[in-house]
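Asks: Please find one structure pasted underneath; my questions will follow.
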């Protein structure tokens, strides 16, 4: 599924954010499935792949070292996304970028337009109301853990996520955030 114009070979950039990492990953994976030619880039997973040692979890106001680490992670994830976009793949970035951090991440994206999807449950009230805000999906692994083997719960959850992804794709105009100055 693609609504790109005939002269556009560059893939689109999507950003899925929210408070729950599993919800972000589940929705991003469903979006990529619905798009077809797409990659999911999970910033947190990328950071775990390249970092040695533990990372300090953010509690309260982050330190300058934590902010530098987060900017490194975002830059790496965006580099992977751009590499795929240049080859015509849509890139679905999964990140924790709420509150003031959302604007910081979008500053790194500039001048690239981004389709922003915010999972609204429990979001920091200081998060700008940009992009498309959606209700929380049920993470696929959560439904699978609650279900007995061979039940329809996992299938229902996948169907729910696919329907949510289809809804997001139908509302791409609402999700679009233009990061470049209009001048």
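Residue numbers (our numbering): 1224 to 1406.
Even glycine gets a Cβ: it sits at the ideal position worked out from N, Cα and C.
Alpha carbon to alpha carbon, what distance is there between residue 1347 and residue 1382?
Replies: On the chain shown, residue 1382 is found 159 positions in, with the first residue counted as 1. On the chain shown, residue 1347 is found 124 positions in, with the first residue counted as 1. Answer to the nearest angstrom: the Cα atoms are 28 Å apart.
Asks: Going by DSSP, which residues form a beta bridge with residue 1265?
Replies: In the chain shown, residue 1265 corresponds to position 42, counting from 1. The partner list for residue 1265 (beta bridge, DSSP) reads 1317.
Asks: When DSSP builds the beta bridges, which residues end up paired with residue 1342?
Replies: Numbered from its first residue, the chain shown carries residue 1342 at position 119. DSSP lists 1357 as partners of residue 1342.
Asks: One question on the structure: do residue 1312 and residue 1266 come within less than 8 Å of each other, judged by their Cβ atoms?
Replies: The count along the chain shown starts at 1 and reaches residue 1312 at position 89. The count along the chain shown starts at 1 and reaches residue 1266 at position 43. Not closer than 8 Å, so no.
Asks: Classify residue 1321: buried if its beta carbon has 16 or more other beta carbons within 10 angstroms, exposed otherwise.
Replies: For the purposes of this step, residue 1321 is taken as residue 98 along the chain shown, with counting starting at 1. By the neighbour-count rule (16 or more Cβ atoms within 10 Å), residue 1321 is buried.
Asks: Pull up the CB-CB distance for residue 1299 and residue 1307, whole angstroms please, since I reckon it's below 8 Å.
Replies: Start at 1 with the first residue of the chain shown, and residue 1299 comes out as number 76. Start at 1 with the first residue of the chain shown, and residue 1307 comes out as number 84. Their Cβ separation, rounded to whole angstroms, is 13 Å, which puts residue 1299 and residue 1307 out of contact at 8 Å.
Asks: Examine the Cβ distances between the segment 1253–1262 and the segment 1342–1357 and report whether three or more of them are shorter than 8 Å.
Replies: In short, these stretches do not touch, since the Cβ pair count stays below three.
Asks: Tell me whether residue 1408 sits in a helix, a strand or coil according to DSSP, three-state version.
Replies: Outside the shown range of the chain, which is 1224 to 1406, sits residue 1408, and nothing can be said about it.
Asks: Closest by CA to residue 1234, which one among 1260, 1398 and 1294?
Replies: For the purposes of this step, residue 1234 is identified with residue 11 of the chain shown, where counting begins at 1. It is 1260.
Asks: Under the three-state reduction of DSSP, which class applies to residue 1381: helix, strand or coil?
Replies: In the chain shown, residue 1381 corresponds to position 158, counting from 1. Reduced to three states, the DSSP call for residue 1381 is helix.
Asks: Since residue 1269 and residue 1338 are thought to touch, with beta carbons under 8 Å apart, how far apart are those beta carbons, to the nearest angstrom?
Replies: One-based indexing of the chain shown puts residue 1269 at position 46. One-based indexing of the chain shown puts residue 1338 at position 115. Between residue 1338 and residue 1269 the Cβ distance is about 20 Å, and since that is not below 8 Å, they are no contact.
Asks: Out of 1310, 1345 and 1301, which has the shortest C-alpha to C-alpha gap to residue 1330?
Replies: Within the chain shown, numbered from 1, the residue matching residue 1330 stands at position 107. For residue 1330, the nearest C-alpha among the options comes from 1301.
Asks: Let me know if residue 1304 comes out buried or exposed under the rule of 16 or more other beta-carbons within 10 Å of its beta-carbon.
Replies: On the chain shown, residue 1304 is found 81 positions in, with the first residue counted as 1. Flag for residue 1304 reads buried.
Asks: Please tell me whether residue 1287 and residue 1384 are closer than 8 Å, where the distance is taken between their beta carbons.
Replies: Mapped onto the chain shown, residue 1287 falls at position 64. Mapped onto the chain shown, residue 1384 falls at position 161. Against a cut-off of 8 Å, the Cβ pair of residue 1384 and residue 1287 comes out as no contact.
Asks: Since residue 1241 and residue 1332 should fall inside the 8 Å C-beta cutoff, what is the C-beta to C-beta distance between them, to a whole number of angstroms?
Replies: Taking the chain shown and counting its residues from 1, the one referred to as residue 1241 is at position 18. Taking the chain shown and counting its residues from 1, the one referred to as residue 1332 is at position 109. With a Cβ gap of about 18 Å, residue 1241 and residue 1332 do not count as contacting.
Asks: Can you give the beta carbon distance from residue 1328 to residue 1335, rounded, assuming they're within the 8 Å contact cut?
Replies: On the chain shown, residue 1328 is found 105 positions in, with the first residue counted as 1. On the chain shown, residue 1335 is found 112 positions in, with the first residue counted as 1. Not quite, the Cβ-Cβ distance comes to about 11 Å (not below 8 Å), so this is no contact.
Asks: Just to confirm my understanding: we take residue 1326, look at its own chain, exclude 5 residues before and 5 after, and list those with CB closer than 8 Å. What are they?
Replies: Indexing the chain shown from 1 puts residue 1326 at position 103. Excluding sequence neighbours, residue 1326 sits near 1351.
Asks: Mark residue 1293 as exposed unless 16 or more other C-beta atoms lie within 10 angstroms of its C-beta, in which case mark it buried.
Replies: The count along the chain shown starts at 1 and reaches residue 1293 at position 70. Buried: at least 16 other Cβ atoms inside 10 Å.
Asks: How many angstroms separate the CA atom of residue 1395 from the CA atom of residue 1273?
Replies: Within the chain shown, residue 1395 is the residue found at index 172, counting from 1. Within the chain shown, residue 1273 is the residue found at index 50, counting from 1. Cα-Cα distance, rounded: 32 Å.
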